[in-house]
Every structure is written in C-alpha cells, then in structure tokens.
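Under numbering that gives the first Met the number 0, the residue at position 133 of the sequence shown is numbered 132, and the numbers go up by one with no gaps. We put the CB at the ideal spot given by N, CA and C, even for glycine. The structure presented is a predicted model; accordingly, all values stated were derived computationally and were not measured. Take a look at the structure below.
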Amino acid sequence: MLDPTQMPPRMFDLTGTFLGFVGGNSRKPKSVVLKVEDEQIVIKLPKELRPSITQSVTAGDRLRCIGSSQVDFKAGVIKLKAYQVFFLGSSEDGPEAPPDPALTTAVELSLRQQEAVNIAPKQKSAQILVCHKSGCQKRGGRKMVTALEQVLQKYQLQDQVEIRYTGCQKRCSKAPNLTIMPGKHRYDNLNPHDISALIEEHFCSS
C-alpha cells in the first residue's frame, strides 16, 4: 500500500550542488542548475527570490529546494518550480566547476522552447527507477514492472516516461519499490493495484 506519510504527489524536496543560473538575465535569473547525484537539474526560482539570489550563492554551494513538479506533455518534460530555497553552506570538496557553455546554452534553449507555442517532441525526462537485483525482483519487482508497463501504455505515456533499472537502492526489505525522477519520490511495499493511482497522481493530474 502507498505510505500516506510520504510527500504529497507532485511535490519535490531536492538537495544538490549549485552549478549556475539559466534564463532571464544576470540580475534576475529564472532558474538554478543543481547537481543532484549524477543529474543536472533545472529548477525555476520564485520571482521574489530572483533579484537577491545572485548575490547570495556561488558555484559549489549546497542548496535545498522545495517545490512542485508539473508534467508538460507537449514538451515531453517535467518542470520543477521551487517555493522555498535554503542555503546549506559550501560543498565540502570545494566549489565545482560551473556547467560548460554548451550545457548552459542547451538548457537555456530548452527553457525557451518550453515557453514557445509550437514545441518539438523531446527525449524522455521522467524516469521510474526500479532495482534489478534478483531479491527485489522475487519480492514482487517483476509484477510491479509489468503493471508499470501496462499502465504507461494505458495512458500513452510509454514515450515520455522511462522505466530504468538500477543497482541496489538499499530498500530490499521494503520491496517492491520504486523512485520517480526528478524529485526522488520514493514508494515502498507497492501492490500492483497501486500503480495506476500512482501514475495518475504524478503524470496525469492537471
């Protein structure tokens, strides 16, 4: 069964290393780029924070962003918008290099394209992470993946949401489980009958 104590659907709470700004102008950037584990994630800033944040953070700082995610089916992406941003201090390993110009240009172009009226289809950006270890698979993982595939096809999301197999997620005792990215929404002890409601909450709500 779904754990009612988990974060509300479409909400995210991410902590990562600040890499730089994108969008807007140098004084009022629209978004921050955070490195969260091995991903570089763009998070839109609240308007009231944009004028001051450029003077408050530098590359390598640790930030925590809390906000909501929304699926843009036309663009084929998940948009993240922060409601709160917390400064957690500098990275213990020292400042990381800012994103290379090619990446920054690509992200800025993606942001502009998302705001345009006509948007070309994009590569899958939403992922459902599933452990491929035999222990988790035997504890219901196989049935859960089958249910995921069927539900994604039912809602015609198979081209927008990727089921990605991972190594051990250190949650074997709570199998079957999955993680929805971006946002790191974690669900444990899932029943295949829960999958349809889960997909609706994350990807079908307006």
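Under 7 Å between C-beta atoms of residue i and residue j
| i | j | result |
| --- | --- | --- |
| Val-129 | Val-150 | no |
| Gly-66 | Lys-80 | yes |
| Gly-182 | Phe-11 | yes |
| Gly-134 | Cys-171 | yes |
| Val-41 | Ser-30 | yes |
| Phe-202 | Leu-147 | no |
| Gly-15 | Leu-33 | yes |
| Leu-197 | Ile-127 | no |
| Asp-187 | Lys-173 | yes |
| Tyr-164 | His-131 | yes |
Where the alpha helix (DSSP H) through residue i begins and ends
| i | result |
| --- | --- |
| Thr-53 | Careful: Thr-53 lies outside any alpha helix (DSSP H) and carries neither H nor E. |
| Arg-141 | 141-153 |
Residue i, DSSP secondary structure in three states
| i | result |
| --- | --- |
| Asp-193 | helix |
| Ser-30 | strand |
| Gly-134 | helix |
| Ser-25 | coil |
Assumed close pair residue i, residue j - CB separation to whole angstroms, cut-off 8 Å
| i | j | result |
| --- | --- | --- |
| Leu-48 | Val-56 | Actually they do not touch by this definition, with Cβ atoms about 11 Å apart. |
| Gln-159 | Ala-125 | 6 Å |
Host beta strand (DSSP E) of residue i (start-end)
| i | result |
| --- | --- |
| Gly-19 | 10-21 |
| Leu-48 | Leu-48 -> no beta strand (DSSP E), and no H or E assigned at all. |
| Gln-39 | 38-43 |
| Leu-177 | 177-180 |
| Arg-185 | 184-186 |
Neighbourhood of residue i by C-beta, 6 Å cutoff - its chain only, sequence neighbours within 5 removed
| i | result |
| --- | --- |
| Phe-85 | Arg-63 |
| Asp-60 | Phe-17 and Ser-89 |
| Lys-142 | Pro-191 |
| Leu-13 | Val-35 and Cys-64 |
Same chain, Cβ closer than 7 Å to residue i, neighbours up to 5 away in sequence not counted
| i | result |
| --- | --- |
| Pro-175 | Cys-135, Arg-138, Gly-139, Gly-140, Met-143 and Leu-189 |
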